[in-house]
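*Asks:* With the working numbering, the residue at position 56 of the sequence shown is 61, and numbering never jumps. For reference, the structure I am asking about is given below.
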Amino acid sequence: MCTEFQLPIRVYIEDTDAGGIVYYVNYLKFMERSRTELLRSLGYGKAAILEDGLLLVVHSLDTHYLAPAMLDDELVVTACMDKVARSYVVFEQEVRRGTQVLCRGNVKVACVNTAMKPTALPVYIYEAMINSCP
Numbered sequence: 006m007c008t009e010f011q012l013p014i015r016v017y018i019e020d021t022d023a024g025g026i027v028y029y030v031n032y033l034k035f036m037e038r039s040r041t042e043l044l045r046s047l048g049y050g051k052a053a054i055l056e057d058g059l060l061l062v063v064h065s066l067d068t069h070y071l072a073p074a075m076l077d078d079e080l081v082v083t084a085c086m087d088k089v090a091r092s093y094v095v096f097e098q099e100v101r102r103g104t105q106v107l108c109r110g111n112v113k114v115a116c117v118n119t120a121m122k123p124t125a126l127p128v129y130i131y132e133a134m135i136n137s138c139p
């Protein structure tokens, strides 16, 4: 398993429902941001991947909501590459408020070409991912 990436996020009113708690789908948005920033920290933003005619798309996910986040909470959204394969990556992710885990997810992200067919990750990205793991 790789080193945990952490992205701080504050909850804004746009993230909440009428009751002032984070709307469930927004946890998935938070997780997407964390995965994106993890890749950016390795030197590969979305634009670099698109230039290669490739996309990283969510193949499947398993999410567990454990406790609600509220308006103005300061959260940390983690991303950790649990498995790096030639054409996909499995991320273990959490949304935390302090030490409390609010949401936990397992997200499989596949590499596809412009025809939406599975394809191998570019060697430079694959190697950067593998090399970031101890």
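Using N, Cα and C, we set each Cβ at its ideal position, and we do this for glycine too.
#1: Around the Cβ of R40, are there at least 16 other Cβ atoms within 10 angstroms (buried) or fewer (exposed)?
#2: Rounded to a whole number of angstroms, what is the C-alpha to C-alpha distance between Y28 and I54?
#3: For C7, does the count of other Cβ atoms within 10 angstroms reach 16, so buried, or fall short, so exposed?
#4: Quick one, which of Q11, E9, K34 and L126 has its alpha-carbon nearest E19's?
#5: Is the beta carbon of R91 sitting closer than 8 Å to the one on Y32?
#6: So what does DSSP say about S137, is it helix, strand or coil?
#7: Starting from N118, follow its DSSP beta bridges and name the residues at the other end.
#8: If you drop the 5 nearest sequence neighbours on each side, which residues of the same chain put their C-beta closer than 8 Å to that of G25?
#9: Would you check if the region 106-113 and the region 43-60 touch, i.e. whether three or more CB-CB distances between them fall below 8 Å?
#10: Only counting the same chain, and skipping five residues up and downstream in sequence, which positions put a Cβ closer than 7 Å to that of L140?
#11: Could you give the first and the last residue of the continuous beta strand (DSSP E) run that contains Y93?
#12: Ends of the beta strand (DSSP E) at E9?
#13: How is the alpha helix (DSSP H) around L47 delimited, first residue to last?
*Replies:* Reading from the atomic positions:
#1: buried
#2: 30 Å
#3: Classification for C7: buried.
#4: K34
#5: no
#6: Secondary structure at S137: coil, using DSSP grouped into helix, strand and coil.
#7: L59
#8: Excluding residues within five positions, the ones whose Cβ falls inside 8 Å are M75 and L76.
#9: In this structure the region 43-60 does not lie against the region 106-113, because fewer than three pairs of beta carbons, one per stretch, are closer than 8 Å.
#10: This structure leaves residue 140 out entirely; the chain is present only between 6 and 139.
#11: Y93 to R102
#12: Run containing E9: none; DSSP gives neither H nor E here.
#13: No alpha helix (DSSP H) contains L47, which DSSP labels as neither H nor E.
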